[in-house]
Amino acid sequence: MPVVQQPDLAREYLAWLRERICTVERGEVEVLATPFLDPFHDGIQIHVERRGGEFILHDGGDTIDNLLDLGTKIEDSARRQALIQRAIAGCGVRFESNRLETTATAANLAQRTHFLLTAILRLNDLWMSAVPHRWADFFEMVAEFLDQHGVVYTANVSIPGRTVEHPIDFVISFPKRRERLIKLIGDPKPQTAKVISFTWLELQETRPQAERVVVLNDVRPPDPLAEESEEEFRRVSDQTIAILRGYSSAIYRWSERENPAFHRLWQSNGAH
């Protein structure tokens, strides 16, 4: 029987990035156009400004502007302000002057760019909180669910990978120094799956014994303003699942959270 070789995700992912990333100079600012998409399916851009021997990387305020266009009034909600801080936690990113930004040096420019992109992609999930549907963001829903079941976890942990650090949503520790790393996907898409798979590939070398688990949101919560409303299932593409399966120990669907098998997420006998 012929041996089926596993694709080299790292090489394919980096090749995919190289083919689709370009830099445009706008005066004294360089703009890095990436293949990652915002909620309006426009490419996410990173602005790079030189200040002395450092670089200021920021999103130009696009992330918050997009959320406002979707009906999410950031400045009117203390809870949403907290969601912003949670989304950027562990990424070395700050929220200033209505934009996401971080400071980098020549030595860590690539890492800081990766962190800023991660924060932007996380924050884009805030569209789930837009009116008229006033529900929590996916991180908050999962955290509340774990709390209800008495699960002990650490949230928003930054773990060094082979080349850069990676923010992990939840870490569950077990005896004998075993751990389960959990990444959430609030809006499952192939581009997000590629980023998470790259994270898992990096952590295979630095955390070889850790289990790498994904929890994806495949439901639309009920409308609290409607008299009768139920959760609506949404289809997750086969491509997204296939990409995640390459380097994930297990994949959990939020629609199955009441299924006893979902409890394996935090049980010590394994997430498989």
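Heads up: the sequence shown is residues 2 to 273, going by the working numbering. Backbone N, C-alpha and C define an ideal beta-carbon position, used for all residues, glycine too.
Please report the distance separating the alpha-carbon of residue i from that of residue j.
i, j, result
"ALA90", "ASN157", "6 angstroms"
"PHE56", "THR164", "19 angstroms"
"ALA34", "ARG12", "20 angstroms"
"ALA83", "GLU145", "15 angstroms"
"ALA107", "SER269", "42 angstroms"
"PHE171", "VAL30", "36 angstroms"
"VAL25", "GLY61", "14 angstroms"
"TYR253", "THR207", "24 angstroms"
"ARG179", "ASP219", "29 angstroms"
"VAL32", "VAL49", "6 angstroms"
"LEU204", "LYS177", "19 angstroms"
"VAL4", "ARG246", "Residue placement at VAL4 is flagged as unreliable, the pLDDT there being 47, under the threshold of 50; the coordinate-derived value follows with that caveat. So the two alpha carbons sit approximately 19 angstroms from each other."
"VAL153", "LEU71", "35 angstroms"
"ASN260", "VAL143", "15 angstroms"
"SER230", "SER256", "Its pLDDT being 47, under 50, SER230 is placed unreliably in this model, and the value from its coordinates should be taken loosely. So the alpha carbons of these two residues sit roughly 16 angstroms apart."
"LEU202", "PRO209", "10 angstroms"
"CYS23", "GLY151", "47 angstroms"
"HIS115", "ALA262", "34 angstroms"
"GLU212", "ALA79", "35 angstroms"
"ASP274", "LEU69", "A question about residue 274 goes unanswered here, because the residues of the chain that appear run from 2 up to 273."
Please identify the residue among the options whose C-alpha is closest to the C-alpha of residue i.
i, options, result
"TYR248", "LYS184, GLU233 and ARG265", "LYS184"
"ILE169", "THR114, THR119 and LYS195", "THR119"
"ASP111", "GLN149, ASP66 and ILE47", "One detail in the question is off: residue 111 reads as Ala in this sequence, not Asp. Ranking the options by Cα distance to ALA111, first place goes to ILE47."
"ARG265", "ASP219, SER238, ARG181 and ALA79", "ARG181"
"PRO161", "PRO189, LEU147 and PHE199", "PHE199"
"PHE139", "TYR14, CYS92 and GLY187", "GLY187"
"ALA243", "PHE175, ALA194 and GLY151", "ALA194"
"ASP166", "TRP267, ARG113 and ASP148", "Note that residue 166 is Glu in the sequence shown, not Asp. Ranking the options by Cα distance to GLU166, first place goes to ARG113."
"ILE173", "ASP66, ILE45, VAL49 and TRP267", "TRP267"
"GLY44", "GLY54, GLY53, ASN67 and ARG27", "ASN67"
"ARG52", "THR103, GLN86 and ASN260", "THR103"
"ARG81", "TRP201, GLY54, PHE175 and GLU141", "GLU141"
Helix, strand or coil: which one does DSSP assign to residue i?
i, result
"LYS177", "coil"
"PHE41", "coil"
"LYS195", "helix"
"GLN24", "One detail in the question is off: residue 24 reads as Thr in this sequence, not Gln. In the structure shown, THR24 sits in a strand (DSSP, three-state: E or B)."
"ASN157", "strand"
"GLN46", "strand"
"PRO189", "coil"
"THR106", "coil"
"ALA90", "coil"
"ARG254", "strand"
"ALA243", "helix"
"VAL143", "helix"
"PRO209", "coil"
"ASP219", "coil"
"ASP148", "helix"
"LEU71", "coil"
"ARG113", "helix"
"GLU233", "strand"
"GLU13", "helix"
"GLU31", "strand"
Could you tell me whether the Cβ atoms of residue i and residue j are closer together than 8 angstroms?
i, j, result
"VAL196", "LEU122", "yes"
"ALA105", "LEU58", "yes"
"PHE37", "GLN192", "yes"
"LEU15", "THR64", "no"
"HIS250", "VAL214", "Just to set this straight, residue 250 is Ser in the shown sequence, not His. Going by C-beta atoms, SER250 is nearer than 8 angstroms to VAL214."
"PRO189", "THR155", "no"
"ARG235", "ARG221", "yes"
"ASN125", "ASP39", "yes"
Taking Cβ positions only, does residue i come closer than 8 angstroms to chain D?
i, result
"ALA144", "The structure shown has no chain D; it contains just one protein chain."
Exercise. Quick check: the segment 94 to 104 against the segment 16 to 24, are there 3 or more CB pairs under 8 angstroms?
Worked result: As far as the Cβ criterion goes, the segment 94 to 104 does not touch the segment 16 to 24, which means the pair count is below three.
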